[in-house]
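Novice: In our numbering, each residue carries its 1-based index in the first sequence increased by 82.
Yeah, the Cβ is synthetic: ideal placement off N, Cα and C, and Gly gets one too.
Everything numeric in this text was worked out from a predicted model, so none of it was measured.
Take a look at this one; I'll ask things after.
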Amino acid sequence: MDTSKFNDEVYEVVNLIPEGRVTAYGAIAKALGYGTARMVGHAMSVMDHHQKTTPAHRVVNSSGHISAPDSGGGRWRAEMLEKEGIEVKNGKVVKFRELFWDPSTEII
DNA sequence: ATAGTGACTGAAC
DNA sequence: GGTTCAGCCACTA
């Protein structure tokens, strides 16, 4: 499978996330129609390595909990979320259910 | 090709 | 809302 294309698609979707909103890895994978949640996370990892401008801090797991709290230089993601007006408690999005943004409804 | 691992998820307890 | 288990797919050894 063309992971390069997949990564680009993921970046595009993440860039479409409105401010003050969040989404899940699985939701993105599902919206793209292929790939898996793990691939999205991996895409974020390589994205960080490629120093893209993709707001990965708006992407959390299905529980609304922030992933990799102290890996890949992502511990400040919670700070970024609070900066955008998203309430974060103990590394987790409080109103995740309300702030959740489904990419499949706004897809590309 | 096989095994281990991981920014994940859903079901079962 | 935690922990555990089984899928999931790409990457590395």
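(1) Determine the extent of the alpha helix (DSSP H) in which H131 is found, giving its start and end residues.
(2) Mind checking H132: buried by the 16 CB within 10 Å criterion, or exposed?
(3) Near K165, which residues of its chain fall below 6 Å by C-beta distance, leaving aside the five closest residues on each side in sequence?
(4) Find the nearest neighbour of P38 within the set R179, L181 and R103, judged by alpha-carbon distance.
(5) Is the Cβ-Cβ distance between G173 and I190 less than 8 Å?
(6) Taking C-beta to C-beta, are K112 and S186 nearer than 8 Å?
(7) Quick one: grab the DSSP three-state call for K134.
(8) May I ask which residues mark the beginning and end of the alpha helix (DSSP H) holding L163?
(9) Cutting at 7 Å between CB atoms, please list the residues of its own chain near G167, excluding the five before and the five after it.
(10) Going by DSSP in three states, V170 sits in which element: helix, strand or coil?
Specialist: Result, derived from the coordinates:
(1) A119 to H131
(2) exposed
(3) none
(4) Residue 38 lies beyond the stretch modelled for the chain, which goes from 83 to 190, so this question has no answer here.
(5) no
(6) yes
(7) coil
(8) R159 to K165
(9) G102
(10) strand
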